[in-house]
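Written out below as structure tokens is the structure these notes cover.
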Amino acid sequence: MKLNTNSNVYTIAYASVMVIIVAFCLAFISSALRPIQDDNVANDKRGQILKALNLRDVKDVQAEYDKVLIKDIILNVNGEVIDSVGGFNVDSKDIQAKDDAQKKLPLYVCNVENDTVYVVPMYGRGLWGGLWGYVALKGDFQTVYGTFLSHEGETAGLGARIVEPWFQEKFIGKKAFTDSTYTEVAIGVAKKVEDPASQVDAITGATLTSNGVDGMFKSSLAPYQKYFSANHK
Amino acid sequence: MSLFSQQNKEVFTGPLNLNNPVVAQVLGICSALAVTSQLEPAIVMGLSVTVITAFANVIISLLRKTIPNRIRIIVQLVVVATLVTIVSQVLKAFAYDVSVQLSVYVGLIITNCILMGRLEAFAMMNGPWESFLDGVGSGLGYAWILVVVGFVRELLGSASLFGYEIPVLTDCDFFHNGMMTMPAMALIICGCVIWAHRSINKVD
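Now the structure itself:
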């Protein structure tokens, strides 16, 4: 018997069977590979934190991270420690929560070259999409130890240059806040640098991305004000 | 017909040279511009496309007598999309750095005209083995162009190859030509490759 491959019934049956097979196959692969992929994402995040600590060429990210990290605590905006572990797993939505009372603020306490360094995660918006990064502060919560910046899809060759180490290293040694009340974030990016102790020259041709990085520093450091003023050395 | 007959050889070697998908058929240019600023993503992209064209060709060729004519394009798309999703999941699991670099372009292999072109023009009318050869040939034909463009762009743009800096060249300012890392230069290099290819092969 020869099948009539042009009949309506055959076409619909063919399409249905095909979709079911494909759906099953993709669901299986996705769930089988999920744990490995999650590991990769987490390891990538660890690598980014290490880069903020100026450990840029690390081979075994996991081992180095375990060596450097003392604890990853979670704070609220009142400067209280909600949890003494698990800062690494805080969802970025909780960090950026609109309602201050619901904010969960991770703080990575690290030990680099016998110095305690605190890493704060940052989130912001660039020209085309999200920006994120980490800023490492010394024990006075004032001096910047290092930064890492990344982006979803800034313009290649312009805004995308914020991922390059030469730009990120410009922040090293800058002053993060105007004074020890920590009420005003000083560190930022400016087209015309008025305060060289805390501002960094913007990237030419990437004004909006630079503004985004500036805003990211300001909005991400501000919620830590109470903790910093209570705990600084 | 034997497995490596003259005809099959032509099916395989055609797309590598005279009938190259990028330089002769001018297909797949979009992704050729996007992923060639460095050599490594260019190679991974080339191999991914090769794997996908080969297997999509085989699958479509096996199914070709059962596929209802009215939905044949949809069936081809589903097969390609499934394979692309699998490749992108595998890359995310086993080559995470590369998958970050390729970002959306792996997903965009679905829209790579080479795939649909080969499926519709070849796999729908030929047996699985010929289709496999055609797929591998087309994929490799695409890949070697990417490698050439990626080589030139990485060498002149960042004075490195595979991410390793070449010490002799890094001192020379010319080898940090920022323009080379932009997509526009990829188009120009692609044009140069087409020019060289046509003058060597004397194609009008």
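Residue numbers (the working numbering), protein chains in the order written: chain S, 1 to 233; chain E, 1001 to 1204. Virtual Cβ for every residue (Gly too), placed ideally from N, Cα, C. Note that the structure is predicted; figures quoted are calculated from it, not measured.
What residues from chain E crowd round C110/S, counting only those whose CB sits closer than 7 Å? Residues of chain E with a Cβ closer than 7 Å to the Cβ of C110/S do not exist; the shortest Cβ-Cβ separation is about 23 Å.
For L1102/E, count the other beta carbons within 10 Å of its own beta carbon; 16 or more makes it buried, fewer makes it exposed. Which is it? L1102/E counts as buried, since at least 16 other C-beta atoms from the protein chains shown sit within 10 angstroms of its C-beta.
Between the alpha carbons of V200/S and L53/S, how many angstroms are there, rounded? Whole-angstrom Cα-Cα distance: 18 Å.
Any idea which residues DSSP pairs G177/S with across the strands? Checking the displayed sequence, the identity of residue 177/S turns out to be Phe instead of Gly. Under DSSP, the beta-bridge partners assigned to F177/S are V185/S.
Just the Cα atoms here: how many angstroms apart are N43/S and A1093/E? Taking the straight line from one Cα to the other gives about 12 Å.
Using only CA atoms, which one of D66/S, S92/S, Y227/S and Q168/S lies nearest to A202/S? Each of D66/S, S92/S, Y227/S and Q168/S was checked against the Cα of A202/S, and the nearest Cα belongs to Q168/S.
Beta-carbon proximity check, Y134/S vs I49/S, cutoff 8 Å: Closer than 8 Å, so yes.
What residues are listed by DSSP as bridge partners for M122/S? Its beta-bridge partners are G133/S.
Tell me, please, whether the CB atom of V1152/E is closer than 8 Å to any CB atom in chain S? Against chain S, the CB of V1152/E has no partner CB under 8 Å away; the residue lies outside that interface.
With a threshold of 8 Å between beta-carbons, can D1064/E be considered close to chain S, or not? The sequence given here places Arg at residue 1064/E; Asp does not occur at that position. So no, R1064/E is outside the interface.
Check whether the Cβ atoms of F1175/E and N1057/E sit closer than 8 Å, and answer yes or no. Their beta carbons are not under 8 Å apart, which means F1175/E does not touch N1057/E by this criterion.
Ends of the beta strand (DSSP E) at Q199/S? Per DSSP, the unbroken beta strand (DSSP E) holding Q199/S starts and ends at Q199 to D201.
Would you kindly work out how many angstroms separate the C-alpha atoms of L1119/E and M1179/E, rounded to a whole number? Near 36 Å, if we compare the C-alpha coordinates of M1179/E and L1119/E.
Could you please give me the residues that DSSP links to V109/S through a beta bridge? K71/S and Y118/S.
Between the CA atoms of E80/S and L1108/E - distance to the nearest angstrom: In a straight line, the C-alpha of L1108/E is about 47 Å away from that of E80/S.
Over the uninterrupted beta strand (DSSP E) stretch that includes G146/S, give me the two end residues. G146/S -> beta strand (DSSP E) spans V144 to H151.
In the DSSP output, which residue or residues are listed as bridge partners for E1165/E? Per DSSP, S1160/E.
Is there a Cβ of chain S sitting closer than 8 Å to that of K1202/E, yes or no? Residue contact check for K1202/E against chain S: no CB pair falls below 8 Å.
Neighbour flag for T1111/E against chain S, beta carbons, 8 Å: Chain S, which has no Cβ nearer than 8 Å to the Cβ of T1111/E, makes this no.
Please list, in chain order, the residues of the stretch 1022–1040 of chain E that have any C-beta partner in chain S closer than 7 Å. Within the stretch 1022–1040 of chain E, no residue has a Cβ lying closer than 7 Å to any Cβ of chain S.
Does the distance from the C-beta atom of K170/S to that of A186/S stay below 8 Å? No. Outside cutoff.
Residue nearest to K71/S in terms of C-alpha spacing, selected from K59/S, N89/S and D57/S: Nearest to K71/S by alpha-carbon distance, out of K59/S, N89/S and D57/S, is N89/S.
Against chain E, with Cβ distances strictly below 8 Å, would L50/S count as a contact? For L50/S, the answer is no, since every Cβ of chain E falls outside 8 Å of its Cβ.
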